[in-house]
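Participant: Got a structure here, written out as structure tokens. Questions coming.
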């Protein structure tokens, strides 16, 4: 350690001096030191023809600080991006805590896809069969004024009949019309719905069997179905029945064609919907949010803070998933907060109800509304002052802010909580990014060049911070170019070059590995 | 509370904060009693040019709710939404179908005010779920197309929506007998009821959104706007947050539609809900300040006030001159309206892109490049 480093260290408050003890709880009990936490197997990532990473293996054990080093462009950040779900590996697997971090397949998913598919299919079916017509056939047909009422059951069955291209009986002006699927009323009208339905049934048989189905019976001619049962009441003339065969066949053929089209549309839309839902699910199996939710947090090489949010808010965004988890919706203050405005409202309604009886007095209406307005103002004052509902909901927010402050204190930024993130010094921005990542309560923390751009004093206190993080039970995987930082804190090191791992081991082993020296310094010339 | 202090130190002095609150409070009190003491209207009546401000305030409130709705999507979530009028129209037509005499539902105003936002929100989810993964400008095109498609569908489903005539009459809201009988004039009762309903909804929504900005969802929205990837790496699902914003915004636009159609007693013709309308609402935000609650409302007041109150008034004042010069088009103010409007927008974009009354955060985001090199420092 050079003298200048020591001077620098003295002038910068080291995190350990300002850290509150005991440490805020973090890490998880399930991580037993020494157990393999992150397992990267033969990871290969290609962008088009360019191979960024090829066949990299990493084994990070719980409780260690593991560094990945290598010259620029060696694919280190690409490995990070693959671990955190930003890139999908071209080949190879990434397992965290013994399992693949991707959305698991569940049987319920099939139901969800089918649900989406069915919704799309029904919508397309409605489009294919004319929404206007379906509305007219069901709602408009079955409603004629408030007095006569409305039968939702009838409306529903009519809508189904319309969409399924089945004949219906429509009524208009007190007459009942047998109606084909396309709404034509070419078969006369009746005073009563029953003969209309009977005629439709007879038409169906005629369309199928033609004139053969017509038989003379006592009282006239009837239509017999295949079982020899008479359909409908007898007709006086046979010619009248024969005339119906042609139109019945036409109508039946039209209905068959319509049903076929709609079935095709329905099936295609169902496939499209299910396929789309499945594709969306497949794409979102391994997203950064999903990976982060399972205990992998990270920082970025080119600091990606929320620049225009305050320091405290940055940490609170990191803690998002852990805010209000323990809060109960039946917490008493939620109700007591809402009580005064509600009481005020009840009082107002009561008051206005009693005063309204004095309607002989012409000033009463104005007084009523003035009272209402006053009550409104009172309510607004109340909400503004006490912030009912969300603002003070609120033990939750206060508790989260306290935890966020503890994290800020941990990285040594407790007195900058109210500042905008962009106004922080460079080193402080890196620390804030670490605090924000710790807010997600990770088991594994990925640091992408945390010491980049830091002066020696800052990088010293960063090393202390990383050790403190490890003491909290969080495993650390970092990319770093600062050799002093890497050699000072890492338990194990991997060296990447041109997307391949060329060495792995303890700092001493790596330092003396000829391949590593060659990668960094070039090959020694003989002679 | 200490968090609030930090905030004040970071953003602006405590003095201006108190002034703002006092001004807002005064505005709320004045608007509460305005229907009973319409002093501005009396003044203009006295000089012989009634402007009917008390009536138009109801429309301004509704327009304000619509601006708040769009603000959730464009301002908070940063979605490029160009079809807000579609959701407004869906709200209006849902109200129409559920309340008019010719259909069997008759749920009345209070039923519709619940059903319309729900229907509009479902439409928002249906359009958002498959398209939100698209990049910003493609999403803008999708919403633009959606707006036009909805308008065309409404126009062409003549059996349901009565096509260009619109559904009417939409019944007046049911009121407790005590209130309904408080005045002999039913029109006055309806006006007062709608005035206070719209006003309470607007103020209530403003309070809710003000509080939202300081909760999990509010913070997640700001973070998402600033850096989507970093937000995702914090374990926040960006698609879900955007869907919530889209559904909330669409639902509120539906609510505004329900109020609008009830005020008019008709759903109006479908061409009311066209692209121009969406752009008008977007202009409210641009004038007032995108992402700023107070800015959205101010924008609605300025834009609607200019278009429906100031512009007709000036036209009327210029009437004698226009008549004298027998139809000189340049002397008719109506013809200048859009030019002035466009000019104002151009000037705004050039000199005050953050809007008339921006939120401090948005102001900071828009002036990112001016302030210090720190934000750009990187290895």
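Protein chains in written order, with this note's numbering: chain B, 27 to 553; chain A, 104 to 482. Virtual Cβ for every residue (Gly too), placed ideally from N, Cα, C. All values reported here derive from a predicted model rather than from experimental measurement.
Residues of chain A with a CB under 8 angstroms from the CB of residue 61 of chain B: which are they?
Facilitator: Against the first chain, residue 61 of chain B aligns to sequence position 35. Per Cβ cutoff of 8 angstroms: no residues; residue 61 of chain B is ~23 angstroms from chain A at best.
Participant: Measure the CB-CB distance between residue 373 of chain A and residue 239 of chain A and report whether it falls below 8 angstroms.
Facilitator: In the second chain, residue 373 of chain A corresponds to position 270, counting from 1. In the second chain, residue 239 of chain A corresponds to position 136, counting from 1. No, the pair does not count as a contact, with Cβ atoms beyond the cut-off.
Participant: According to DSSP, residue 120 of chain B sits in a beta bridge with which residue or residues?
Facilitator: Position 94 of the first chain, counted from the first residue, corresponds to residue 120 of chain B. Answer is B:66, bridged to residue 120 of chain B.
Participant: Ignore the nearest five residues each way along the sequence and tell me which others in residue 50 of chain B's own chain have a CB closer than 6 angstroms to its CB.
Facilitator: For this step, residue 50 of chain B is matched to residue 24 along the first chain. In this prediction, residue 50 of chain B scores a pLDDT of 45, lower than 50, which makes its location untrustworthy; the coordinate-derived value is nonetheless stated afterwards. 432.
Participant: Using C-beta distances below 6 angstroms, list every residue in its chain close to residue 206 of chain B, excluding the 5 sequence neighbours before and after it, in chain order.
Facilitator: Indexing the first chain from 1 puts residue 206 of chain B at position 180. The answer, listed in chain order, is 193, 277.
Participant: Just to confirm, is the Cβ distance from residue 460 of chain A to residue 397 of chain A under 8 angstroms?
Facilitator: Here residue 460 of chain A corresponds to residue number 357 of the second chain, with the count starting at 1. Here residue 397 of chain A corresponds to residue number 294 of the second chain, with the count starting at 1. In this structure, residue 397 of chain A lies closer than 8 angstroms to residue 460 of chain A by Cβ.
Participant: Below 6 angstroms CB to CB, which residues in the same chain sit around residue 268 of chain B once its five sequence neighbours on both sides are set aside?
Facilitator: Looking up residue 268 of chain B in the first chain gives position 242. So the qualifying residues of the chain are 237.
Participant: Step through the CB atoms of chain B and report whether any lies within less than 8 angstroms of the CB of residue 188 of chain A.
Facilitator: Taking the first residue of the second chain as 1, we reach residue 188 of chain A at position 85. No, residue 188 of chain A lies away from the interface with chain B (no Cβ there is under 8 angstroms from its Cβ).
Participant: Is DSSP giving residue 527 of chain B helix, strand or coil here?
Facilitator: Here the question's residue 527 of chain B lines up with position 501 in the first chain. Of the three classes helix, strand and coil, the one that applies to residue 527 of chain B here is strand, per DSSP.
Participant: Buried or exposed, going by whether 16 or more other CB atoms sit within 10 Å of the CB of residue 102 of chain B?
Facilitator: To locate residue 102 of chain B, count along the first chain from 1; it is residue 76. Buried, because 16 or more other Cβ atoms sit within 10 Å of the Cβ of residue 102 of chain B.
Participant: For residue 194 of chain B, name the three-state secondary structure that DSSP assigns.
Facilitator: Residue numbering aside, residue 194 of chain B sits at position 168 when the first chain is read from its first letter. Reduced to three states, the DSSP call for residue 194 of chain B is strand.
Participant: Hey, residue 339 of chain A and residue 323 of chain A: beta-carbon distance below 8 angstroms or not?
Facilitator: One-based indexing of the second chain puts residue 339 of chain A at position 236. One-based indexing of the second chain puts residue 323 of chain A at position 220. Result yes, Cβ atoms of residue 339 of chain A and residue 323 of chain A sit closer than 8 angstroms.
Participant: Give the single residue among B:262, B:108, B:290 whose Cα lies nearest to the Cα of residue 81 of chain B.
Facilitator: Numbered from 1 along the first chain, position 55 holds the residue referred to as residue 81 of chain B. For residue 81 of chain B, the nearest C-alpha among the options comes from B:108.
Participant: Relative to the C-alpha of residue 266 of chain A, which residue among A:160, A:256, A:424 is closest?
Facilitator: Taking the first residue of the second chain as 1, we reach residue 266 of chain A at position 163. Ranking A:160, A:256, A:424 by Cα distance to residue 266 of chain A puts A:256 first.
Participant: Taking residue 176 of chain B as the query, report the chain A residues whose CB atoms sit under 8 angstroms from its CB, ordered along the chain.
Facilitator: Locating residue 176 of chain B in the first chain gives position 150, counting from the first residue. In chain order: 207.
Participant: By alpha-carbon positions, which one of B:289, B:169, B:175 ends up nearest to residue 154 of chain B?
Facilitator: As a working note, residue 154 of chain B is residue 128 in the first chain. For the residues B:289, B:169, B:175, the minimum Cα distance to residue 154 of chain B belongs to B:289.
Participant: Could you check what DSSP says for residue 364 of chain A in three-state terms: helix, strand or coil?
Facilitator: Locating residue 364 of chain A in the second chain gives position 261, counting from the first residue. Residue 364 of chain A falls in the helix class under three-state DSSP.
Participant: Can you tell me where the alpha helix (DSSP H) holding residue 264 of chain A begins and where it ends?
Facilitator: The residue labelled residue 264 of chain A in the question sits at position 161 within the second chain. Residue 264 of chain A -> alpha helix (DSSP H) spans 261-264.
Participant: Confirm, please, whether the CB-CB distance from residue 439 of chain B to residue 464 of chain B is below 8 angstroms.
Facilitator: Here residue 464 of chain B is taken as the residue at index 438 of the first chain, counted from 1. Here residue 439 of chain B is taken as the residue at index 413 of the first chain, counted from 1. Contact: no.
Participant: Within 8 angstroms of any Cβ in chain B, is that where the Cβ of residue 319 of chain A sits?
Facilitator: As a position in the second chain, residue 319 of chain A is number 216, starting the count at 1. Answer yes: the Cβ-Cβ gap between residue 319 of chain A and chain B drops below 8 angstroms somewhere.
Participant: Consult DSSP for residue 80 of chain A and reduce its assignment to one of helix, strand or coil.
Facilitator: Missing from the structure shown is residue 80 of chain A; chain A here goes from 104 to 482 and no further.
Participant: Counting only the same chain and skipping the five closest in sequence on each side, list residues whose C-beta sits under 8 angstroms from that of residue 300 of chain B.
Facilitator: Here residue 300 of chain B is taken as the residue at index 274 of the first chain, counted from 1. Only 139, 140, 142, 143 meet the Cβ criterion.
Participant: If residue 161 of chain A and residue 320 of chain A are in contact, beta carbons under 8 angstroms, what's the gap, nearest whole angstrom?
Facilitator: Position 58 of the second chain, counting from 1, holds the residue named residue 161 of chain A. Position 217 of the second chain, counting from 1, holds the residue named residue 320 of chain A. The pair is not a contact, with the Cβ atoms about 30 angstroms apart (cut-off 8 angstroms).
Participant: Strictly by DSSP, which residues pair up with residue 344 of chain A?
Facilitator: Within the second chain, the letter at position 241 stands for residue 344 of chain A. Paired residues: none, contrary to the question.
Participant: Can you give me the C-alpha to C-alpha distance between residue 583 of chain B and residue 129 of chain B, rounded to a whole angstrom?
Facilitator: Within the shown structure, residues of chain B are numbered from 27 to 553, placing residue 583 of chain B beyond reach of any answer.
Participant: As a quick exercise: from B:258, B:532, B:328, B:116, pick the residue whose alpha carbon is nearest that of residue 74 of chain B.
Facilitator: Translated into positions along the first chain, residue 74 of chain B becomes position 48. Minimum Cα distance to residue 74 of chain B is reached at B:116.
Participant: Suppose the cutoff is 8 angstroms on Cβ atoms and the five residues either side in sequence are ignored; what does the same chain contact list for residue 146 of chain B look like?
Facilitator: Within the first chain, residue 146 of chain B is the residue found at index 120, counting from 1. Contacts found: 295, 296, 298, 299, 302.
Participant: Return the chain-ordered ranges of every beta strand (DSSP E) run that is complete within the stretch 454-499 of chain B and spans a minimum of 3 residues.
Facilitator: Entirely contained in the stretch 454-499 of chain B, the beta strand (DSSP E) runs reaching 3 residues are, in chain order, 470-474.
Participant: Tell me whether residue 81 of chain B sits in a helix, a strand or coil according to DSSP, three-state version.
Facilitator: As a first step, residue 81 of chain B must be located in the first chain, where it is residue number 55. Residue state, collapsed to three classes: strand.
Participant: Does the stretch 129-139 of chain A come close enough to the stretch 150-167 of chain A that 3 or more CB-CB pairs lie under 8 angstroms?
Facilitator: They touch, by the three-pair rule.
Participant: Just confirm the distance between the C-beta atoms of residue 219 of chain A and residue 326 of chain B, as a whole number of angstroms; I'd bet it's less than 8 angstroms.
Facilitator: In the second chain, counting from the first residue as 1, residue 219 of chain A sits at position 116. In the first chain, counting from the first residue as 1, residue 326 of chain B sits at position 300. So it is not a contact: roughly 44 angstroms between Cβ atoms.
Participant: Using 8 angstroms as the cut-off, can you tell me whether the stretch 269-284 of chain A makes contact with the stretch 200-216 of chain A, which would need three or more C-beta pairs spanning the two stretches below that distance?
Facilitator: With the cut-off at 8 angstroms, the stretch 269-284 of chain A and the stretch 200-216 of chain A touch.
Participant: May I ask whether a heavy atom of the ligand FAD can be found less than 7 angstroms away from the beta carbon of residue 192 of chain B?
Facilitator: With respect to the ligand FAD, the structure offers nothing, as it holds no ligand at all.
Participant: Who are residue 501 of chain B's beta bridge partners in DSSP?
Facilitator: The sequence position of residue 501 of chain B within the first chain is 475, counting from 1. For residue 501 of chain B, which the question treats as bridged, DSSP gives the partners B:470.
Participant: Answer yes or no: does any C-beta atom of chain A fall closer than 8 angstroms to that of residue 120 of chain B?
Facilitator: One-based indexing of the first chain puts residue 120 of chain B at position 94. It does not; no Cβ of chain A falls within 8 angstroms.
Participant: Residue 325 of chain A touches chain B at which residues, Cβ-Cβ below 9 angstroms?
Facilitator: Indexing the second chain from 1 puts residue 325 of chain A at position 222. Within chain B, the residues near residue 325 of chain A are 332, 334, 335, 339, 343.
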